[in-house]
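Beneath this line is the structure, given in structure tokens, with notes to follow.
Protein chains: 2
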Amino acid sequence: MTQIELAKKNKSSELIKWIAENEGLPLNNILAHLRQGSAVILKNRVHKIKRPCAIGKGLRVKVNANIGTSTKKTKLSEELEKLKVAIKFGADTVMDLSVGGDLKKIRRQILKNSDIPVGTVPIYEAAVNAQNKKGSFLKMTEAEILDVFQEQAKDGVDFFTVHAGITQKGLDLLKKNKRILDIVSRGGAILANWMIYHRKENPLFKYFDYILDIAYKYDIVLSLGDSLRPGSILDATDKIQLFELKILGDLTTRARKRNVQVMVEGPGHVPLSQIAKNVSLEKKICHNAPFYVLGPLVTDVASGYDHISSAIGGAVAAYFGADFLCYVTPSEHLRHPSIEDVREGVIASRIAAHSADIAKGLKSAIKWDREISFARKKRDWKKQINLSIDPVKAKLLRGLFKRKPIDVCTMCGNYCSIKLIEECLRV
Amino acid sequence: MTQIELAKKNKSSELIKWIAENEGLPLNNILAHLRQGSAVILKNRVHKIKRPCAIGKGLRVKVNANIGTSTKKTKLSEELEKLKVAIKFGADTVMDLSVGGDLKKIRRQILKNSDIPVGTVPIYEAAVNAQNKKGSFLKMTEAEILDVFQEQAKDGVDFFTVHAGITQKGLDLLKKNKRILDIVSRGGAILANWMIYHRKENPLFKYFDYILDIAYKYDIVLSLGDSLRPGSILDATDKIQLFELKILGDLTTRARKRNVQVMVEGPGHVPLSQIAKNVSLEKKICHNAPFYVLGPLVTDVASGYDHISSAIGGAVAAYFGADFLCYVTPSEHLRHPSIEDVREGVIASRIAAHSADIAKGLKSAIKWDREISFARKKRDWKKQINLSIDPVKAKLLRGLFKRKPIDVCTMCGNYCSIKLIEECLRV
């Protein structure tokens, strides 16, 4: 039985108990959300991981780090190092988005070396296989696509992005309506090309039931991809985006009926003023399925600093109810991310997620801030550094300018307000 | 006459006309806001600068960069380099917060080399002078404090932070009510110490009229400092903070009556859920005076990345009506900022300010995003880089992995969604 199926029968599992304990919530609370589909647990039955994770209502907001090769950057060792860095700096999940090199080997190595859930986008491998074997990704067959899902499931992938929401009708709408950037989803663009070339319906939509069978068997969470998400803040929340969202809502219902756990992916590029609306639309149209957002970026001009643009959007989205933040690195829109980019992306998203947890009143989140604030009051630098979101960087910055031990920092020096006020209030 | 005085008489000036043109707004609009005090123009009569700036309702959100020496870091050359970097990367104003070295010389050099408005906190110099000459900052006299205001005004400082809102009553409240970090404002801590030591009222409060005389003479904008701002998200929006805010509201009225332009400073450390409230309280209690916020930081745990925590808070604050963002650098809470920190702080705050401008519908802001999005669609890399918020970094990141000219980036390589979709929609 899948976790949602157990919950529907009001049965628990070791996994559900572990999640409840880990989140500091009553078991019944977790069961209720799993049952309703407002929470999911990422863990393939056959994947051995130490830290599976739950995503959804009332839970700590989670952070995903995308790693994986590009056609231009194919080193496995670098991607494994990114995995290590993502885990070290606190990512809750990773996605292997590889499209270059030996995809099977890379995926299996990532699955083996990860103690957190791993997601993939199977359509990438189907496309790359066809490109390698037949000279064009357009030549992948429906059967070949489904075989990739089957194989990746067996390998232990914990969640799949499934771009099942882009249909022929969606493409018609795209052609009829003006937007600046038509499709900025890689999976969406691959499928759109295939659909136009073959004049056929999206195979992920057509064979959605088959994908549900696989997901059910391994208890894989389906993450319904938003192929038609906006790629510019000027395209945000347009007809095309919302048309696809309705299809994702229908697919959510179908998955739940079949006892498959499901979450929904969201934009992308969204002005601050439209973020709350985007979250509430997803919750309404997709029946409270956990919302997994990419950013959102609140401006298109921040190339080189898109992790910051994304942290702004992610914090606001999570505050309004988004459950899962996909990081964006400083290199977004410019290049394949470096190892350092992964670290910066993870930390920026964690700041966003944590600030939303605080704002929503999550006790464990507030406790963390209380502890570091008391350490700050006492000028206990060791504790302040250990409690920082990235102790390695905090220690480095503090250390650089510290020639001898001082109980203040070099910012205010002798005029440290905390020290001054402590002394005078003591009088 | 000061700019507010002119506006009250419905008269314009070359400066007001320049501001209207620069903001792309009708002159009457600017005049109305200056008259009501909901906008101010930062420019000391005697300070020659190319780019004075207006702050307030309907205007582009502005960004300030704090520079200046510490008692532990006193190099003038480094601070002048920070000034250059702050201007290069787009700060609208700088504040010289020096407390180490030859303060007069540093200030005069910064004023001379800046083509944007310069602010200071005169109480710092008064304290440092007393410390140097008498062995304790507590020994500064009221007359000496006021002399510093006089001298800095004559030197051409465009705006002063005046911590006039912390009074004996405020200190009583601070002693009676629990908060984690009592005072985190350097100026506030200096004054509180002085007030407790001398058992006297805050001289900036007591002699506020005298300070108004100086400000009027040079048309200096007073920025009413919030000495009792929270230093932890757990202290946010407490009684103590709001008590001081009411005093700042009264001082705002007094300043306007005397035709002195005024803005109000705000926190600090504020959870996402309390930012909108903080902005609306300031607007209400301080009669729509422009709101100048420090951050706000949305969590206390982001040492090393406080520019990101601050960008999240700043974007949300500006979206809800804050007018002026003081940057926070990655080194906040850890050390005196480096030159690179200044750059990162400025860019992070500019992203926050710009994202709020977009969300509020500012046409010039949206135009920028439209242009870069079209460049992205065309894969016009030169234009994309030039239109990035920091073209130097964007160029560096793009260049690092580009061995030969390619029209995609190394992120998706051959599977660039923009290129793929362009090709198939063309068919």
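Chains V and U, in that order, are what the protein sequence lines are. Position 423 of the first sequence, counting from 1, maps to 423 under the numbering used here, and the rest follow consecutively. For any residue, its number in the numbering used here is found by taking its place in the second sequence, counting from 1, and adding 1000. Every residue gets a Cβ at the ideal spot worked out from N, C-alpha and C, and that includes glycine.
Taking a contact to require three or more Cβ pairs closer than 8 Å, the stretch 48-62 of chain V and the stretch 19-34 of chain V qualify as touching. In its chain, beyond the 5 residues on either side, Leu222, Arg254, Ala255, Arg258, Val260 have a beta carbon closer than 8 Å to the beta carbon of V:Leu212. For U:Ala1276, the nearest beta carbon of chain V is not closer than 7 Å to its own beta carbon. Contact between the stretch 1337-1351 of chain U and the stretch 1370-1378 of chain U is absent: fewer than 3 CB-CB pairs across the two stretches fall below 8 Å. By the neighbour-count criterion, in which a residue is buried when 16 or more other Cβ atoms sit within 10 angstroms of its Cβ, U:Gly1068 is buried. Taking C-beta separations shorter than 7 Å and ignoring five residues to either side along the sequence, the partners of V:Pro391 in its chain run Ile385, following chain order. Taking C-beta atoms as the reference points, U:Ala1311 and U:Phe1291 fail to come closer than 7 Å. The criterion of a C-beta distance shorter than 7 Å is satisfied by U:Thr1299 and V:His354.
Those residues of the stretch 277-309 of chain V placed with their C-beta closer than 7 Å to a C-beta in chain U are Val298, Thr299, Asp300, Val301, Ala302, Ser303, Gly304, Tyr305, Ile308, Ser309, ordered along the chain. Less than 7 Å divides the Cβ of U:Tyr1327 from the Cβ of U:Val1346. Within chain V, not a single residue places a beta-carbon under 9 Å from that of U:Ile1041; the smallest gap is close to 27 Å. Those residues of the stretch 1181-1199 of chain U placed with their C-beta closer than 8 Å to a C-beta in chain V are Leu1181, Asp1182, Ile1183, Val1184, Ser1185, Arg1186, Gly1188, Ala1189, Ile1190, Ala1192, Asn1193, Ile1196, Tyr1197, ordered along the chain.
Not a single C-beta of chain U is nearer than 7 Å to the C-beta of V:Asn44. Residues of the stretch 406-425 of chain V with a C-beta atom less than 9 Å from some C-beta of chain U are Ile406, Val408, Cys409, Thr410, Met411, Cys412, Gly413, Asn414, Tyr415, Cys416, Ser417, Ile418, Lys419, Leu420, Ile421, Glu422, Glu423, Cys424, Leu425, listed in chain order.
Per DSSP, V:Val148 lies in no beta strand (DSSP E) segment; the continuous alpha helix (DSSP H) that holds it begins and ends at 142-155. It is roughly 48 Å from the alpha-carbon of U:Asn1022 to the alpha-carbon of V:Ile196. Taking C-beta separations shorter than 7 Å and ignoring five residues to either side along the sequence, the partners of V:Lys395 in its chain run Ile385, following chain order. For the set U:Trp1018, U:Ser1331, U:Thr1071, the Cα lying nearest the Cα of U:Ile1049 is the one of U:Trp1018. Cβ-Cβ distances below 7 Å link U:Ile1358 to Ala1365, Ile1366, Asp1369 in the same chain, with the five nearest sequence neighbours on each side left out; the list follows chain order.
Straight through space, the alpha carbons of U:Asp1235 and U:Asn1193 are spaced by roughly 21 Å. V:Gly361 carries a coil assignment under DSSP once its states are collapsed to helix, strand and coil. If the five residues before and after U:Ser1114 are omitted, its C-beta is found closer than 8 Å to the C-beta atoms of Ile1049, Leu1083, Ile1087, Val1094, all from its own chain and listed in chain order. Here V:Ala356 is buried. Its C-beta has 16 or more other C-beta atoms within 10 Å. Put simply, the CB of U:Lys1393 is near chain V, with a gap under 7 Å to one of its CB atoms. Only residues of its own chain outside the window of five on either side were considered, and among them Leu222, Val260 have a CB closer than 6 Å to the CB of V:Ala215, listed in chain order. Contact annotation for V:Gln261 against chain U: no contact, minimum CB-CB distance about 27 Å [criterion: below 8 Å]. Of the candidates U:Lys1239, U:Leu1034, U:Glu1014, the residue whose Cα lies closest to the Cα of U:Val1262 is U:Leu1034. Look at V:Ala32 here: in three-state DSSP terms it is helix. In the DSSP assignment, the residues bridged to U:Met1095 are U:Asn1066, U:Gly1119. Inclusion of V:Gly266 and V:Asp209 in the CB contact set at 7 Å is not warranted, their separation being larger than that value. Within the stretch 1212-1292 of chain U, the complete alpha helix (DSSP H) runs of at least 4 residues fall at 1239-1257, 1272-1285. Contact between V:Leu181 and U:Arg1376 holds, with the beta-carbon distance rounding to 7 Å and staying under 8 Å.
Taking the beta carbon of U:Ser1070 as reference, the chain V residues within 7 Å of it are Thr410, Met411, Cys412, Gly413, listed in sequence order.
It is roughly 54 Å from the alpha-carbon of U:Ile1016 to the alpha-carbon of V:Lys73. Exposure of U:Arg1045 is indicated by the presence of fewer than 16 other C-beta atoms within 10 angstroms of its C-beta.
Nearest neighbour of U:Ser1417 by Cα position, chosen from V:Ser77, V:Val118, V:Lys283, V:Arg186, turns out to be V:Arg186.
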